[in-house]
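Asks: Attaching a single structure in structure tokens format; questions to follow.
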Amino acid sequence: MKFIAQAILFALISPVQVLAQTVTLSGVLGDKALLIVNGRPPKIVAPGETHHDVKVISTRSDMAVVEILGVQHTLRVGESPVSVGSGTTGISSTRLVLHATGDGFYVTQGQINGHAVQFLVDTGASYVTLGATDAARFGIKYLSGQIIPMATANGMSYAWRLRLPNVKVGDVTLYEVDASVVPTAMPGVLLGNSFLSRFQMTQANGQMILDKRF
């Protein structure tokens, strides 16, 4: 648990591609935008320039206005990626394609109960797992959950087990997802098997493809 939590700190943000053009604003450097398009490596793009069919119109502070497929969108640093195309291609949003970071981790942005979070995929975790600080910030009443034992790198500990009303990754939202809240703070949220088991998973060439089963 400790090792995985530390890995979140150093992993690069890798947005989810849901069979569509997805764009994340990773930062603003002067008047230039640092964009991640469809999980590719970050690219510095100046206003007026185009990167993988995404044109930067303007930047300001922690935001950028971009044009995708002829439509302008406002991106903000830290927000979930903008996905364009899944609603117009006739393809159902039941597939997630995650791209591995250079360290081999799968990191993506999403939401818990409407709150933006950064997920680290952890196939060894039984549940979606978050720290008590984040749980309180999201308004989750975890103290009323079931107390369960939990093995960590430092030995046995405990956590509260409960269900999250909804967990969203990309354009896919799952409801009533089992989760655990640990008493220690975590720099991100583990996307465990209570979410992953609802998908058929395949991995190849640095991609994790998740096809929704139920």
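Take the position in the sequence shown, starting the count at 1, then add 55; the result is the number in my numbering.
All C-beta atoms in this analysis are idealised placements derived from N, C-alpha and C, irrespective of residue type, glycine included.
Taking 7 Å as the limit between beta carbons, can you name the residues of its chain near T143, skipping five residues before and five after?
Replies: As a working mapping, residue 143 is identified with position 88 in the sequence shown. In this prediction, T143 scores a pLDDT of 36, lower than 50, which makes its location untrustworthy; the coordinate-derived value is nonetheless stated afterwards. Cβ neighbours of T143 beyond the five flanking positions: none.
Asks: So, are the CB atoms of G165 and K98 less than 7 Å apart?
Replies: For this step, residue 165 is matched to residue 110 along the sequence shown. For this step, residue 98 is matched to residue 43 along the sequence shown. The answer is no: Cβ separation not under 7 Å.
Asks: Return the first residue and the last residue of the beta strand (DSSP E) that T163 is part of.
Replies: Your numbering for residue 163 matches position 108 in the sequence shown. It spans 162-167 - the beta strand (DSSP E) in which T163 sits, taken as one unbroken run.
Asks: Can the beta-carbon of V109 be found less than 7 Å from the beta-carbon of V78?
Replies: As a working note, residue 109 is residue 54 in the sequence shown. As a working note, residue 78 is residue 23 in the sequence shown. Yes, they are a contact pair.
Asks: Please classify V83: is it buried, with 16 or more other beta-carbons within 10 angstroms of its beta-carbon, or exposed?
Replies: In the sequence shown, counting from the first residue as 1, residue 83 sits at position 28. Label assigned to V83: buried.
Asks: What residues in its chain sit with their C-beta under 7 Å from that of Y230, if we drop five residues either side in the sequence?
Replies: On the sequence shown, residue 230 is found 175 positions in, with the first residue counted as 1. Taken in chain order, the residues that qualify are P220, N221.
Asks: On the DSSP bridge list, what partners appear for I264?
Replies: Here residue 264 refers to the residue found at position 209 when the sequence shown is read from its first residue. Per DSSP, V152, T257.
Asks: Can you determine whether any heavy atom of the ligand HEM sits closer than 6 Å to the C-beta of V83, and answer yes or no?
Replies: Absence of the ligand HEM from the depicted structure is noted, as is the absence of any ligand whatsoever, leaving it without description.
Asks: Would you report the Cα separation of D266 and G194, rounded to the nearest angstrom?
Replies: Sequence index remark: in the sequence shown, residue 266 carries index 211 (1-based). Sequence index remark: in the sequence shown, residue 194 carries index 139 (1-based). Between D266 and G194, the C-alpha separation is close to 30 Å.
Asks: With H, G and I counted as helix, E and B as strand and the rest as coil, what does DSSP make of L273?
Replies: Since the first and last residues shown for the chain are 56 and 269, residue 273 lies out of range.
Asks: DSSP has H170 in a bridge; who is on the other side?
Replies: One-based indexing of the sequence shown puts residue 170 at position 115. For H170, which the question treats as bridged, DSSP gives the partners I167.
Asks: Please classify T184: is it buried, with 16 or more other beta-carbons within 10 angstroms of its beta-carbon, or exposed?
Replies: In the sequence shown, counting from the first residue as 1, residue 184 sits at position 129. Classification for T184: buried.
Asks: What three-state label does DSSP hand R95 in the structure shown?
Replies: The count along the sequence shown starts at 1 and reaches residue 95 at position 40. Coil.
Asks: In chain order, what residues of the same chain lie with their CB nearer than 7 Å to the CB of T257, ignoring the 5 residues before and after it?
Replies: As a first step, residue 257 must be located in the sequence shown, where it is residue number 202. Within the same chain, T257 has close Cβ partners I264.
Asks: Below 7 Å CB to CB, which residues in the same chain sit around L246 once its five sequence neighbours on both sides are set aside?
Replies: Your numbering for residue 246 matches position 191 in the sequence shown. For L246, where only same-chain residues beyond five positions count, the Cβ hits under 7 Å are F174, L175, V176, D177, V183.
Asks: The beta strand (DSSP E) that contains T184, what's its start and end?
Replies: Residue mapping note: residue 184 aligns to position 129 of the sequence shown, counting from 1. Element bounds for T184: 183-186.
Asks: How many angstroms separate the CA atom of A206 from the CA atom of K87?
Replies: The residue given as residue 206 occupies position 151 in the sequence shown. The residue given as residue 87 occupies position 32 in the sequence shown. Roughly 45 Å separates the two Cα atoms.
Asks: Compute the beta-carbon to beta-carbon distance between R95 and D117, rounded to the nearest angstrom, for a pair I have assumed lies under 8 Å.
Replies: Along the sequence shown, one-based indexing puts residue 95 at 40. Along the sequence shown, one-based indexing puts residue 117 at 62. That belief does not hold up - the Cβ atoms of R95 and D117 are roughly 22 Å apart, past 8 Å.
Asks: With a CB to CB cut of under 6 Å and the five nearest residues on each side skipped, what residues in its chain are close to V244?
Replies: Reading the sequence shown from its first residue, position 189 is the one you call residue 244. Answer for V244: V172, F174, L185, listed in chain order.
Asks: Reducing DSSP to helix, strand and coil, say where A101 ends up.
Replies: One-based indexing of the sequence shown puts residue 101 at position 46. Here A101 sits in coil by DSSP.
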